[in-house]
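This report concerns only the one structure given below.
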Amino acid sequence: MDKLGTYNIKVKAKDSNGATSVWSDLKTINIMIQNEEPDEPNILSGPINGTIGISYTYSTITIDPDDDKIIYGWDWDGDSIPDDWSEPVTSGLTDFRSHSWNIAGIYNIKVIAKDEHGAQSGWSKILSVIISGGDHPPFLPPKWIKILMNLTNVHETWEEDHWQVSIPFNTNYILKLIKA
Ligand SMILES: [Ca+2]
Ligand SMILES: [Ca+2]
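Everything in the sequence shown is counted per my numbering, starting at 1 for the first residue and increasing by one.
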């Protein structure tokens, strides 16, 4: 009985002189397998900075306790819905997957693993990827920071002065000058 399912069995005994008993009553047995889901996968490698339109490769791995084949679901936009499923991969072997983004932003990517019987793991840890592109910096959440400095006005009136302030970060800032 190497197939899954329900079987009806009955037995009959025979002694050493060849005398046989009557058949036993029917007995029903179920053959089932215990299936465990794969472990949570880990994202092994892949860049955390990139440019729109360029394809980047990420890798992941996990194992299935029953040694089942695994398919990996990649969530590239952080909405917890896999966008890309791998082919079945042998438990313990790495899946490599490439993706490109068309809009600049911060993407929290993660992976889930499913075995060949459909048992699903939890999500991997998140990997945050910053994608910049074109003339636009990544869409960082807006935040005001306060910078204190001493400026000396060498002219008579405030209004006609042009102030130039350099800030050593590779990001756009909107400067609001507040007169103390
Ligand atoms: Ca399994
Ligand atoms: Ca998604």
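Here a beta-carbon is modelled for each residue, glycine too, at the ideal position from N, C-alpha and C.
Bridge pairing for T60: I43 and D95 [DSSP].
Put simply, the backbone Cα of T90 is about 7 Å away from that of D68. In this structure, ligand 1 has a non-hydrogen atom nearer than 6 Å to the beta-carbon of D64. According to the DSSP secondary-structure assignment, Q34 is paired through a beta bridge with no residue. Counting C-beta pairs with one atom in each stretch, the segment 57 to 74 and the segment 19 to 28 have fewer than three that are closer than 8 Å, which means they do not touch. Not one heavy atom of ligand 1 falls within 6 Å of the beta-carbon of E40. N49 and G78 have their C-alpha atoms spaced approximately 16 Å apart. Nearest in C-alpha terms to R97, of all of I106, K14 and S45, is S45. One residue list follows from the rule of a beta carbon closer than 5 Å to any heavy atom of ligand 2, given in chain order as D75, D77, D79, I81 and D83. Just so you know, the alpha carbons of S124 and L4 end up roughly 32 Å apart. Beyond the five residues adjoining it in sequence on each side, D84 comes within less than 8 Å, by CB distance, of G73, W74, W76, R97 and H99 in the same chain, given in chain order. With at least 16 other beta carbons inside 10 angstroms of its own, I131 counts as buried. With contacts defined as CB atoms closer than 7 Å, P41 and D115 fail to qualify as a contacting pair. In this chain, the beta strand (DSSP E) harbouring G105 covers G105 to D115. Here DSSP, grouped into helix, strand and coil, assigns N17 to coil. Between K27 and the set K12, N17 and Q34, the nearest pair of CA atoms involves K12. In this structure I106 does not touch I52 by the C-beta definition: roughly 13 Å separates them, more than the 8 Å allowed. The beta carbon of N35 lies closer than 8 Å to those of D66, D68, D115, H117 and A119 in the same chain, with the five residues before and after it left out.
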